[in-house]
Structures are given as C-alpha cells and as structure tokens.
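Novice:
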Amino acid sequence: MRIPISWISELTGVTASGREIAEHLIAAGLEVESVQTIGEGLSGDLVVGRVEEIEELTEFKKPIRYCLVDVGADHGGIRGIICGAQNFVVGDLVVVAVPGTILPGGFEISARETYGKVSNGMICSEREMGLGEDHEGILVLPPETASAGANAKPIIGLADEILDIAVTPDRGYALSARGIAREVCIAYKVPFSDPIDRVVHVPAPSGSTKPAECASDDLEACDLFTLSTVVNFNPYAPTPQWMKNRLRDCGMRSVSLAVDITNYVMLESGQPLHAFDLDKLQGTVRAGHPIEGELFETLDHVERTLSASDLVILDDRGTIGLAGVMGGLDAEISDSSTNIALEAAHFDSMAIARSSRKYKLSSEASRRFERGVDRTIAPYAALRAIELMLELGGGEYVGMNAVEAPMQVTVITISNQLPAQIAGMEIPAQQVVDLLTAVGCQVTQESGQLHVAVPSWRPDITDQADLVEEVIRLIGYSNLPSTLPVAPAGRGVTHSQKLRRRVGTALAHAGLSEVLSYPFVGPQDLTALRIPAQDPRRDMPTLANPLSDEQPWLRSSILFTLIPTARRNLGRGHTSIPIFEIGSVFQGGMDTVAIPHMNVEHPPTPEQWSALENALPNQPLHVAAVLIGEAQPAGWWGGARPFDWSDAVDSARILAESCGVTLAVSRGADPIFHPGRCAQLSVTDADGASHVVGAAGELHPAVCESFGLPPRSCAMEINLNAVIKCAPLVMPAPVFSTQPVAKEDLAVVVDQNMDAALVEQALREGAGDLLESVRLFDVYSGPQVGEGKKSLAFALRFRSPDHTLSAEETARVREAALQRATHVCGAVLR
Amino acid sequence: MSAPNKEYDPKQVTDLSEESVNRMVAEALAAMNNAGNLAELKEVRLAHFGDRSPLALANREIGALPPAAKAEVGKRVGQAKAQIKDALSNREEELEVLRDQQVLLEETVDITVPTDRGWVGGRHPLTTLMEAMSDVFIAMGYSIAEGPELEAEWVNFDALNVPADHPARTMQDTFYVTSQDSGAVLRTQTSPIQIRAMLEHKPPIYVVAPGRVYRTDELDATHTPVFHQIEGLAVDRGLTMADLKGTLDHLAEQMFGAGIVTRLRPSYFPFTEPSAEVDLQCFICRGASVGNSGTPCRTCGNEGWIEWGGCGMVNPRVLRAVGIDPHVYTGFAFGMGIERTLMFRNGVTDMRDMVEGDLRFTRAFGVEA
Ligand SMILES: [Zn+2]
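Which chain is which? The protein sequence lines are B and R, in order.
With the first letter of the first sequence counted as 1, position 443 gets the number 451 in our numbering; the numbers rise by one all the way through.
With the first letter of the second sequence counted as 1, position 363 gets the number 1054 in our numbering; the numbers rise by one all the way through.
This is the structure:
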C-alpha cells in the first residue's frame, strides 16, 4: 500500500516527516519499504497555464504544436511554447515550467529556438515532473481547477512524501488510509477519529425508480451484499485533480470519475467496490456459484472456464464478475454509463484467495479480501462513494438493497498477565487494557480476566496469541529484555552427524573441493548418462511445476548433476577438476502412494504418520566425486600425473576409512562407467553381511563425449547413509605381537582377467593366522609371463604371537598361501 | 754414555733435548692445524706420529742413553707423543665435524621452489557456515534436528498454521511434487523440521535445524531456487520472547563478535505469534555509518542494521497440531538464510558463485567459512 503523508496528516492531525512516521510504523509492525518525495529534485516555478492558441506544425517527422499559453501576468503573460503532445485542446489548463525551472533529473528549462520557433518554457507531463510514470501526453488539469498563473505545485501534489508499505497477510486493515491512520494515532498517542464515523451527505433515496435487487446464494462465502443504484450520473464529469493525485500517489491510474471514486473509497476505507452499468444488468444481482464449465470473460480480456465451486457475481443471464477479484467485460461500466449499480460486499477471505490463486489473478480488491475486510463497512463505503458521485458527477440516488447473515463478534478471554508472561517483562494490567482499547477492542475486566471483543476490521485476531502480539508490538519489541534460557544438557552432534562432517573434511584434505548442484534432471541428462530404461535410478519424483520443462525430475544420483557441474568448471578453464558433493537423492516416484489427508486439530495418529512417511520417497544422503585432469601437476619433480580410475576408487576408500569402515572393491558394472574399469564398492555390517554401497571408476567414453569431458574422466558415488550404518561406534583396540617379523615376497602368474583382490583374498585364507599383512607391490604383464597372463607380486609379513618363526614355519605358511591361490585362482609361482 | 752401545760406529743421533722435543711437538701441532681436511690430517699423522716421524725416531734413541738420562728423556718423549696423539684426535674430530657440515652444505636445495604436488581441496562455505552456526547451539545444549527435503505438504504448511488457500502459501513459491494436490512438496523452509522434532520428542525441546530448501525463484545475483536455512526451536515451560531475544543476541555475538546484538521488528509468520523480523547490528561499522554519508558502509548500506531472518513465539496452533499443550508449554523459533549470512559475513557479492560449483570459490575457503 502506497500512501501520501498529506492524507495521513489530514486523517490524524499528525504533521511529521515521512521518515519519522515511517519509523513509528515500522516499530509497530508495518513494513515501510520506502519513503519517496514526489517531484524530488524539482526547483523553480511550475505554474498553471491556459492554452490560448494551438498552431499545428506539420513539416516535421512527428506532429509538433506551437502553443500560446497564458501563464498569468506574474510569469510573463502569454508565452509561446513548443509541445510534442497531442492530448489537449484550446482552453485546457496545463502545467508550465517556465525558463529557470529545474525539473527532476537536473533538466533545466530555458528559452530556446526549436522547430523554427522560440519555445519559452515547457508544458509538462507527469513523468517530467516526477509525479509518476505517465508520459503518454502532458498533464491536463480538470477545467476550473485554478486560474492561469496559479502555483501548480500544491494542485498536483508536489513535494508530498509517499510511504510504500508492504502489508503482511495478517494486516488487511493496513491496506487503507483508515487503517494506517489508526496506527499513526496509536504511535503518536493522539486520539483517532475514524473516517467511517463521518456523516455522509447523501440525500434520502429518491424512490423515482426501483433500486436494483440483490441476493446472496451462499451466505457463508458472501455474508453481506449491498447493491446501490444511482441514475442520471454524468459520465463525462472529470475527476478532480486532488483525487487524481491521491490515486496516482497510491499507485492507481485514473480511469473515469465513477471508477476513480470506487477506487478512492477503497483506498480510504479498505472496502473494495464494484460499479456495474445498470442498463447491462438483468434481474437480481447475486453472489453465488456459476454453472460448471460456464465461460466467462474477465476485464483483462481473458476467457475463463468456471467451476461450480467458484464464488461469482451473477445476474439472471449468468456470471458478471469473479467475486472480490475482477469484474466481467459484459456488465462493466463504460465511459458513457449514466446508470450505475454499485456493489459493496463482504466475502470470505479463503474463497477469494482460492479464486485468486486458481485464476492467477491478483487485484486491488482480491489483495484486500484475502487479507480480510471490515465486515461492517460495506454500506458506509457505498454511501461514501455515492456522496462523491453526486457531488462530482451529479445524478440521483435511488436506493440501496442489502442482504446480510448475522454477524459474529469475536470475543477472546485472556488473562491480563499473559502478555507479560509471553514477553518476559513487566506489563501493568492497565496498560494491557489501554493498548487493546487503542487498537479498537472493547475490553471488559473480570478479576484479572479480560473479555476482549475484537473490532470488525481485525479479522486476523482470533487467538489469545494475537492479542498478546498487539500488546507487545505496541509496547515496542525494542523494550524487550534479553535473557538466555538454559537448555537441559545436550547430546552434542550425533555419531552420524559427526561422520558426515568428517567425510567432507577427509575428501577436502585429499584435495577434492565440495560443490553444491541443483538436484533437477531431465530425460536428456539420463540419455547422456546412458541410464537404461529399466534402471531403478530412472524412478524419480517429478515436479508438477519445474523451473524448466526439460528438467522435471529430482535426481536419484548425485552424479546426474555433478557431472554437468564438472563440465562447467571445464568450460571455465580449469585443467584439474577434483570435486565432490554430499547431498540428498530421491529414490522412487510418488505415483502409487498417497499421503493421508490430516487436519491440524490433533497430532497425526501413528498410522497416519507412518502412512505419510511411507508415501515420501527414500531420500538417502549420497557422496559423489568427479575427477578430471591432473591428479598431480607437472613440476620440478617431474611430469603431470593424470587422474585415473584408481584415484576414483581411492577417494571412496578415503571417505569410508574416515568413518572407520573398510571398503571392499570388486568388479562392477554400471552403464555410466567404462565396462572394464568399474569397481563395485561394498561394506560389511556388524553381522558380517555385505552391502553394495556404490561404484567408482572411469566414466564410459560415451558419457565423457556427451558431456564434453576429456577422455578417462573418473567418478565415484556412494550411499553415505549405508556406510555410516556400518561405522563402528567404538573402535576395538588392536592385538599385536612383539615377536620378530618374517618377510616373504611371492610373485605369482595368473590369467590377465583374474582380480588381484581375489588372489589376495586366497593368499590370506591360505596363510591363516600367522599372516600379519599382505600387500600387492607389483603388477606385470609382458612376454616373460606369456600371452594373456599377468604377474602379481605380493609382500607378505608373518608373525607369531608367541615365538620367533623358524625358516621352516615361514616356508610352510608361504606354501600354504600359494597353494590356496593356485587352487582358487589358478596362480602359478613365477 | 749411551748404552748398550754395541756398535761403535759413530752415528748421528737424534737430539733428545727438551728444546728439540718441544720443537717436534710444535711442528706436529702446526702441521695438524694446517691440515684442512681428514686426508691431509692423515698425512700429518704419518709424518708426525708415524713410524718414520721424528718423534718415533727419537724414541728409538732412548735406549742409547745413559740410564740416568733414560727416565727423564723417556718421560719427555712419552709426554710429547701423548700430546700429539691427543691433538691429532681433537683435530680429527674437528675435521670430521667440518666434513659433515660440508656434506650438508653440498646438499643445499632451492627451498623456495613450489611444493604443491597435490591439490588443496575445500568444503563448501555454506556447509561449514551451517556447521559453525549449529555449533553455537550445540554448545548451549541444543541438538541438530533433521528432515527430508521432499516433504509432506501437511508438515511444510498445514501443521505450521498455513492452511490451503491461506495467502501465506502464495508468499512462498512452492515446488509441488507430481501434482498440485499430491500432498508432497519440496520443503520451502526448514520449519517442517520443527514439526518433526516436536512430533518425535516431548518437551523440553531445544533443536537447531540446518538444511536445504526450495522455492520457484529463477537464479540471479540475489535469488536461487535452491538455498539453505538454519532454524532454531525451543519449547519448554515458561519460555519468553525475552529468551528468544537473548538467544539471538548470543548467536549474533558468537558469529560476529563481542557486543553485537540483534533488533526485533514486528512482522507476520503464520507459525509464530507474536512474530518478528530479526535485524543484526552491523558488525563492520556498528552503526557508526548511520546518517554519515562520508563513511559509506558496504555491509549495511549505512542503515546500521542488516536484515537477517525471522522469528517469533511458536503459535499455539502449531503446538496443538503436534500434540503439545500450549497452556503448559511455550516456545520460540527463529530462522535465517545461510546464503544471505555468507554474503554479508564473508563478502560474497553474487549468489551465483555459491551455486555454480566453480572450484575456485570453494578452494578459497578451505575447510572453514
Ligand atoms: Zn555498517
């Protein structure tokens, strides 16, 4: 809501600067976003001029007028002025900037020669004077606004300050001059005289003809409907400049006198009004519901298909307005309507919010109705509008019809101590009463209990807490003390939270950098990633309103979105890209399971809650990494070493080890990865069961190509939750012997496609308990070991718990290890 | 008389006089001192202490001396030998030290060459900032609560006193999952975690909930559809708005320095009543820039305060929806944006830097924001 300070002053008697009033309002909870001075930067004179003569200059590319304008004797009498606008005629009153005047933006007016004439000033548009954005033509003042030569500044509202207030959904009353004025009066502790208590000067209904009939078919959704009739209104009467100024300052356009009056009364009182052309109506005007599927064209020229649950305004022929949101094109008043039916009604805020959302229509009326309009003021607002119509446009008030449901006054009982208890500070009981009274409540006291009748303009106040807020905000949040509550002793971060932090730190220390990517993916991404049709990763939740139709799904794998992030880094010139991400993935769509419908009167039952939990997809935390380019740069130590599949596997190992979990690596198959360079990663739980937790290796060449990544780019992804589940809470201490170690190297030849991990496993099994460790230290394939073979060299360390191993014992264990490897893997001693 | 003097041939005998022996010692010592390395010292040893050294030759002469002179000369020569031996040994030690020093000297490298064979990684500052803020609360006894990002609408809206069609739902542009009426959304705030915490635990509840949230904003310099918040919730007997203020002041002080406080301004959130906006005192100018255009403060824009988040007393309706008796317990809640905090705290000027995943951004922060 935008409102000029002059209007606030007029209603409150408070004369303070815009900034000062803004500070008071902010402290009271109205968010003043800006204070703006109308015509800021303007200096010098602006005078009213009367156009005496117009000479059309036609020899130029665009039409140009040379005008003789009477600006009054004090300002030089009749001046010749060049003007490019066409929206005025001889006799019109305009605003003239005479030479020496500086317009906003530093534009200084001077007499100058142009279009073959001397232009001795400038006829101004609203925008040129900093009044608004209107620059379709020059500003033409209504006839008889002032005489030529008068100071134009007060007439056009210059130098007024405008407050722009962002009104929160609970403060509908602040969408009116009336509501803001009340807050200003409370802040300045001056009495408030409510504008709606003003006596409206409207003659008694003439009874010359029958006023239009009205009804409400749905007294819950429309509990007050009034329809007033005015005939013989002069549609050509101009809107006075003071009203135009206010509309403009409040951010509305002047349309026609009748429409301007409905808007003005809305800005003043907060009650939206709607004017119909009486001659276009047939029968009774009703609030009610349309026929399902009825087509209806709103004022914005959009045809809409209505449903029977919509709240609309109808006459005997059908829908003529979307109640409280927007009128229809058919029954709208026009520039020439002389007979007017004026609707002033009260609608249920939820019903209006629903319409507004459903039809994506937000209007000045809907913004007010959905925040709640004073239930009582519709008849007043109608009469106020009629008062202005008769005064400014003439005509005859025929009468008002109204239907109304009984009105409920909300009464809340509250302890006079409650605001103090919630605030945590002393608040005298009398102050509570005074402040509630100031906001308009009727308070009766009964031994410490207050019965608070809520004013009709505050439908947002429904609970004790709302009253508490009113009291504390008016005392001022700045007066609240600052105390620190003592929480019970806490548990700190959980084991799992600690490990998640540690995994990130471990990867960072291993040289990887964490990034965060958006989890949105689409079909093209999955095709580029070679995810087959039947792959469970394709089962993802779908967004109903994605940012991009090309990416409607939520990722089931971090690599889906991390690989594109790697590509972006590549595009920015990075030659080494070790990145990782820790984040949620979404497993499974939501097509089959429905979330139960639950109310908020009670907590969910255990059945409802578990149904809700089951309906949501599994959302485990994953870690993924992409490794591209140089693992080690070239330097004085030698050449660069590129990342390869083993770095990807090792990043997985590092993260698992940081959780105290040992990762088992076996041959994997994942279409994202190179078929011969893909590891399947598993962990073993406390019961000894093995779980596959992820994959690592070199990306498939086709994936690299699709994303424009260099060949042999590598990646890894792991289900972090699954790893953490296997992480020991307590690390068992090692048991080791201090007897001397016996070291043996063992080189065996196996088939080229035999996994080293299997050979190592066999060696361990064969060697038994005396084996302390085994480590692969060399892999060789070449002519010396034969076609299709490779040599694996292991360093074995043996140690006995209680004695020095003899050469014979060592040889025996080594032989046993070899035999097992021969048996299981076909290993031959090299 | 020399005895036994079996040979009667006249023979040149070594001079065994004191001066002579002293001279030999002096020559030996001088030669040692002149030896610059162990190889030279070896030659000195040979020349002055070897079998053919003057002193060795002199030693042989002792037998030829008259018995009365033998003892004295023997002693003299013996002492001389011992003196030379000691000196040799000392000099040898000295030269060994010199030699060792020389070896190290020759191993000198250019210690200033680059040593970064590997890459320095980092954690995303949004992650570490969330941890740092969480830890302030952990230290006060709070726990970290969690919840899913794809959340039931009931938890994200209804239970938080945002009924369907309430204008507050349009304040937040929500991503709906499957359809507008599936009942599932991408959470628009971390507040649903409050609901889960209150459903899972009985009061007293003191939790902090950092996490990722979603709204249908297009990415630009100040907006991102995917962002992070941190939310705090306390539900206990007798909690007050003053407690809320004190808790926020404590957070401000821990994150931004001693004496930094917060300011509350009335506002509206459906899930709190009373509600307030939280402003942070400018930790750069501490308000000194207000009304002082000569000293512009880029952090607060000469306002003295920085908009930080929202807060309030938990709406009793919310407590009822999760089965907590609002007549027994009160609560407070607050939330702030992590991106926004990182922007003004660390001077990030463009939101896009946080979301585009450029390595340079993360690396600059290391493992601490
Ligand atoms: Zn500052």
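Every residue gets a Cβ at the ideal spot worked out from N, C-alpha and C, and that includes glycine.
Please output, in chain order, the residues near ligand 1 using a CB cut-off of less than 6 Å to any non-hydrogen atom of the ligand.
Specialist: C973/R, I975/R, C976/R, S980/R, C988/R, T990/R, C991/R
Novice: Spell out the partners DSSP gives C667/B in its beta bridges.
Specialist: Taking the first residue of the first sequence as 1, we reach residue 667/B at position 659. Paired residue(s): none; C667/B is not in a bridge.
Novice: Could you please tell me which residues of the stretch 587-614 of chain B, in chain order, have their CB closer than 9 Å to any CB of chain R?
Specialist: I587, F588, E589, I590, G591, S592, F594, G597, M598, D599, A602, I603, P604, H605, M606, N607, V608, E609, H610, P611, P612
Novice: Three or more beta-carbon pairs under 8 Å between the stretch 609-617 of chain B and the stretch 590-600 of chain B, yes or no?
Specialist: Verdict: no, contact absent.
Novice: Got a sec: is the Cβ-Cβ distance from H892/R to anything in chain B below 7 Å?
Specialist: Translated into the one-based positions of the second sequence, residue 892/R becomes position 201. So no, H892/R is outside the interface.
Novice: Just to check my reading of the structure: S464/B and T346/B have Cβ atoms closer than 8 Å, yes? What is that Cβ distance to the nearest angstrom?
Specialist: Indexing the first sequence from 1 puts residue 464/B at position 456. Indexing the first sequence from 1 puts residue 346/B at position 338. Not confirmed; about 34 Å, so no contact.
Novice: Can you check whether the CB of V148/B is closer than 7 Å to the CB of F96/B?
Specialist: Within the first sequence, the letter at position 88 stands for residue 96/B. Within the first sequence, the letter at position 140 stands for residue 148/B. Yes, the pair counts as a contact, with Cβ atoms nearer than the cut-off.
Novice: For F866/R, which residues in chain B fall below 7 Å Cβ to Cβ?
Specialist: As a position in the second sequence, residue 866/R is number 175, starting the count at 1. Near F866/R (Cβ distances below 7 Å), the residues of chain B are L551, N553.
Novice: Can you tell me where the alpha helix (DSSP H) with W810/R in it begins and where it stops?
Specialist: Taking the first residue of the second sequence as 1, we reach residue 810/R at position 119. Looking at the DSSP string, W810/R is not in any alpha helix (DSSP H), and its letter there is neither H nor E.
Novice: Under three-state DSSP, which class holds V198/B?
Specialist: As a position in the first sequence, residue 198/B is number 190, starting the count at 1. Coil.
Novice: On the criterion of 16 or more Cβ atoms from any shown chain inside 10 Å, does H209/B qualify as buried, or is it exposed?
Specialist: In the first sequence, the residue the question calls residue 209/B occupies position 201. With fewer than 16 other Cβ atoms within 10 Å, it is exposed.
Novice: Quick check: what's the CA-CA separation for V839/B versus Y959/R?
Specialist: Lying before the first or after the last residue shown, residue 839/B is absent from chain B, which here runs from 9 to 838.
Novice: Could you name the residues of chain R that K408/B contacts, counting a contact when the two beta carbons are closer than 9 Å?
Specialist: The residue you call residue 408/B lines up with position 400 of the first sequence. As written in the sequence, residue 408/B is Met, which differs from the Lys given in the question. Going along chain R, no residue has its Cβ under 9 Å from M408/B, so there is no contact; the nearest lies around 30 Å.
Novice: Between the stretch 497-512 of chain B and chain R, which residues of the former have CB atoms less than 8 Å from a CB of the latter, in chain order?
Specialist: A497, G498, R499, G500, V501, T502, Q505, R509, G512
Novice: Give every residue of the same chain whose Cβ lies closer than 8 Å to the Cβ of A736/R, excluding the five residues on either side of it in the sequence, and list them in chain order.
Specialist: Walking along the second sequence from the start, residue 736/R turns up at place 45. According to the sequence provided, residue 736/R is Arg. The question's Ala does not apply to it. Closer than 8 Å at Cβ, skipping near neighbours: L779.
Novice: Does the stretch 812-822 of chain B come into contact with the stretch 732-744 of chain B, if we say contact requires no fewer than three beta-carbon pairs (one atom in each stretch) closer than 8 Å?
Specialist: no
Novice: Write down the C-beta distance between A703/B and L689/B rounded to the nearest angstrom, noting that I regard them as a contact closer than 8 Å.
Specialist: The residue labelled residue 703/B in the question sits at position 695 within the first sequence. The residue labelled residue 689/B in the question sits at position 681 within the first sequence. Their Cβ separation, rounded to whole angstroms, is 6 Å, which keeps A703/B and L689/B in contact under 8 Å.
Novice: Go ahead and label Y244/B buried or exposed: buried means 16 or more other beta carbons lie within 10 angstroms of its beta carbon, across all protein chains shown.
Specialist: One-based indexing of the first sequence puts residue 244/B at position 236. Label assigned to Y244/B: exposed.
Novice: Could you give the C-beta distance for L369/B and M334/B, rounded to a whole number, given that I count them as a contact under 8 Å?
Specialist: As a working note, residue 369/B is residue 361 in the first sequence. As a working note, residue 334/B is residue 326 in the first sequence. That pair is a contact at about 6 Å.
Novice: CB of G301/B to nearest heavy atom of ligand 2: below 6 Å?
Specialist: The model depicted lacks ligand 2 and carries ligand 1 instead.
Novice: Against chain R, with Cβ distances strictly below 7 Å, would D178/B count as a contact?
Specialist: In the first sequence, the residue the question calls residue 178/B occupies position 170. Yes, because at least one Cβ of chain R sits closer than 7 Å to the Cβ of D178/B.
Novice: For S799/B, collect the residues of the same chain with a Cβ closer than 6 Å to its Cβ; drop the 5 residues on either side in sequence, then sort them by chain order.
Specialist: As a working note, residue 799/B is residue 791 in the first sequence. Cβ neighbours of S799/B beyond the five flanking positions: A755, V757, Y788, V793, R838.
Novice: Would you list, in chain order, the members of the stretch 515-528 of chain B that have their beta-carbon closer than 8 Å to a beta-carbon of chain R?
Specialist: Answer in chain order: L515, A516, H517, A518, G519, L520, S521, E522, V523, L524, S525, Y526, P527.
Novice: Under the rule that 16 or more other beta-carbon atoms within 10 Å means buried, what is I299/B, buried or exposed?
Specialist: To locate residue 299/B, count along the first sequence from 1; it is residue 291. The residue in question, I299/B, is exposed, as its Cβ has fewer than 16 Cβ neighbours within 10 Å.
Novice: Applying the 10 Å Cβ sphere with the 16-neighbour rule, what's the burial state of E169/B?
Specialist: Here residue 169/B corresponds to residue number 161 of the first sequence, with the count starting at 1. When all chains shown are included, E169/B counts as buried.
Novice: Whose C-beta lies closer than 8 Å to the C-beta of P701/R among residues of the same chain, with five residues either side of it excluded?
Specialist: As a working note, residue 701/R is residue 10 in the second sequence. Unreliable placement is indicated for P701/R, whose pLDDT of 46 sits below 50; the coordinate value is still reported in the next sentence. Here the set comprises nothing.
Novice: Which chain B residues are close to Q871/R, counting only those with a beta carbon under 7 Å from its beta carbon?
Specialist: Along the second sequence, one-based indexing puts residue 871/R at 180. Within 7 Å Cβ-Cβ: A552.
Novice: Pull up the distance between the alpha-carbon of P957/R and that of A174/B, whole angstroms please.
Specialist: By one-based count along the second sequence, residue 957/R stands at place 266. By one-based count along the first sequence, residue 174/B stands at place 166. The straight-line gap from Cα to Cα measures roughly 13 Å.
Novice: Using a C-beta cutoff of 7 Å, does M358/B count as contacting chain R?
Specialist: The residue given as residue 358/B occupies position 350 in the first sequence. Taking CB atoms only, M358/B has a neighbour in chain R less than 7 Å away.
Novice: Taking three-plus beta-carbon pairs below 8 Å as touching, is the stretch 476-484 of chain B in contact with the stretch 441-452 of chain B?
Specialist: Because the criterion of three Cβ pairs below 8 Å is met, the stretch 476-484 of chain B and the stretch 441-452 of chain B touch.
Novice: What ranges does the alpha helix (DSSP H) occupy inside the stretch 387-453 of chain B, keeping only unbroken runs of at least 4 residues that lie completely in it?
Specialist: Annotation: the stretch 387-453 of chain B contains the following complete segments of the alpha helix (DSSP H) (minimum length 4 residues), in chain order: 426-431, 437-446.
Novice: Cβ closer than 7 Å: which chain B residues qualify as neighbours of I835/R?
Specialist: Locating residue 835/R in the second sequence gives position 144, counting from the first residue. The contacting residues are V501, Q505.
Novice: Could you spell out the range, first to last residue, of the alpha helix (DSSP H) harbouring L771/B?
Specialist: On the first sequence, residue 771/B is found 763 positions in, with the first residue counted as 1. Residues 764-775.
Novice: Quick one: is D1041/R near chain B, going by C-beta distance under 7 Å?
Specialist: The residue you call residue 1041/R lines up with position 350 of the second sequence. Residue contact with chain B for D1041/R: absent (no Cβ-Cβ distance below 7 Å to any residue of chain B).
Novice: In the structure shown, what three-state DSSP assignment does N626/B receive?
Specialist: Indexing the first sequence from 1 puts residue 626/B at position 618. N626/B: strand per DSSP, three-state reduction.
Novice: Under 8 Å between beta-carbons, which chain B residues line up against G995/R? List them in chain order, please.
Specialist: The residue given as residue 995/R occupies position 304 in the second sequence. By Cβ distance, chain B contributes nothing, its closest Cβ being about 13 Å from G995/R, past 8 Å.
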